[in-house]
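Residue numbers (my numbering): 5 to 424.
Spelled out as structure tokens, the structure:
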């Protein structure tokens, strides 16, 4: 480049206000090695892959997709499922694609929500000659109607951002009933947007609002549990720091709310654990997210300046990434007395672990002090050779004292009964 040309280009740059960039490089020396690298691909904070570390090991892990349709009754893996001595497990209902949360009416009708197919089912209480229970679709075209609750003849259904009430639902099992809007002041985030709902002993409706992604500082509207009147009025936040609860129940003796909470992803294959928590002081407890996980581990990004002692510690740890979802205290009388008031927990199973963990129904035993003394598997076999053949989502103590278990992978409900 001649001196005159170089000075001319420099003057042109100065006119553009870019003189601070310094003298132009010699054109012949600009090579691919000095060119800027391509921009890093940005992952949306709401994606399940947000925060995934580099490396081939992590790159192989992704959410587990179930079959697109329900598994036929004849092909359900019932022979692979194991229960303790004295119990038996059998198919209660099949053909419920993506069967998730459950609730039961006094007549025994079981209502079942879904997360991916937009339907709500009713499973009739009378078994047919072949032992199968008829399934009806009572609503369709909804957006993530995961949560269901029954109260005084009405079925409450939680979509992603709205809660509806279907009055006199037992008279409208063939569908077509127009629901009444109960509450619509809910975020529309897809990440952790599906809801579990239930009605407490105080006759109030409880609904969680998950964090809008794997790990981030959530807005004031997220990472919490709310309760409200049955008409949606007087909503209040009763628990904060809850990353994603998809199951809760009330201790039949103390009436305190217990709930599962899914831990964050992508810190490690072995931490943090999912949690079982208890709410003892509504409105005043913070359970840690995103600052502290499992009661002992401060977050590598958001934990700075915080101590886990600031937050309410878990009642029990449920294993890393086990996706602990629905839980119920056993209030029936069919099982032996040692099971009374103990907790059954449906563990959907991990996806971001090389060696999968969970995929079972866990029994959490309480001691004389009301605290969790131990946990042990109760229904196993959904995980075979590190692959899922079924994935438990919810548990429900049926009117006859048996335990129902939903499986969204196969679109089925199983019944565990005591055989002796």
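Note that CB positions come from ideal geometry on N, CA and C, so glycine has one too.
By the neighbour-count definition (other C-beta atoms within 10 Å, threshold 16), residue 219 is a buried residue. For the 8 Å CB-CB criterion, residue 236 and residue 347 do not form a contact.
The C-alpha of residue 126 is placed about 25 Å away from the C-alpha of residue 339. The residue from 361, 121, 144 and 222 with its alpha-carbon nearest to that of residue 387 is 361.
Counting only residues of its own chain and dropping the five nearest sequence neighbours on each side, residue 371 has a CB closer than 7 Å to the CB of 377. The alpha-carbon of residue 64 is positioned some 11 Å away from that of residue 53. Residue environment analysis places residue 262 among the buried positions, since at least 16 neighbouring C-beta atoms fall within 10 angstroms of its C-beta.
Within the same chain, and ignoring the five residues on either side of residue 90 in sequence, the residues whose Cβ sits closer than 8 Å to its Cβ are 340, 422, 423 and 424. The region 154-180 contains, as complete beta strand (DSSP E) runs of 3+ residues, the segments 158-162 and 167-170 (chain order).
DSSP places residue 61 in the uninterrupted alpha helix (DSSP H) bounded by 60-63. DSSP places residue 83 in the helix class (H, G or I) of the three-state scheme. For the pair residue 80 and residue 356, the CB atoms are not nearer than the 8 Å cut-off.
A distance below 8 Å separates the beta carbons of residue 150 and residue 200. Rounded to the nearest angstrom, the gap between the Cα atoms of residue 48 and residue 269 is 15 Å. One alpha carbon belongs to residue 92, the other to residue 259, and they sit about 30 Å apart. Residue 58 counts as exposed, since fewer than 16 other C-beta atoms from the protein chains shown sit within 10 angstroms of its C-beta. Distance from the CA atom of residue 276 to the CA atom of residue 312, rounded to whole angstroms, is 13 Å. Minimum Cα-Cα distance from residue 210 among the listed residues 194, 216, 190 and 222 corresponds to 190. For residue 97, the enclosing beta strand (DSSP E) starts and ends at 91-98. Under a 10 Å Cβ-count criterion, residue 233 is classified as exposed, with fewer than 16 other Cβ atoms of the shown protein chains found around its own Cβ. Separation of the CB atoms of residue 398 and residue 329 is rounded to 6 Å, and the pair is thereby assigned contact status at 8 Å. Listed in chain order, the beta strand (DSSP E) elements of length 3 or more contained wholly in the region 327-372 are 328-333, 347-351 and 364-370. Distance from the CA atom of residue 73 to the CA atom of residue 122, rounded to whole angstroms, is 13 Å. Annotated as distal: residue 325 and residue 395, with beta-carbon spacing of 8 Å or more. Rounded to whole angstroms, the separation of the alpha carbons of residue 133 and residue 217 is 47 Å. Residue 282 sits away from residue 317, with the two beta carbons spaced by 8 Å or more.
Short of 6 Å from the beta carbon of residue 99, and not among the five residues preceding or following it, lie these beta carbons of its own chain, in chain order: 74 and 139.
In the DSSP assignment, residue 378 falls within the beta strand (DSSP E) that extends over 376-383. Here the C-alpha atom of residue 86 lies approximately 23 Å from the C-alpha atom of residue 131. Cβ-Cβ distances below 6 Å link residue 170 to 159, 181 and 183 in the same chain, with the five nearest sequence neighbours on each side left out; the list follows chain order. Between residue 212 and residue 103, the alpha-carbon positions lie close to 20 Å from each other.
The Cβ atoms of residue 408 and residue 382 do not sit closer than 8 Å to each other. A Cβ-Cβ contact shorter than 8 Å links residue 292 with residue 299.
Between residue 117 and residue 161, the gap from beta carbon to beta carbon is short of 8 Å. Checking the DSSP bridge columns, you'll see residue 200 has no partner listed.
When rounded, the separation of the alpha-carbon atoms in residue 222 and residue 228 is 10 Å.
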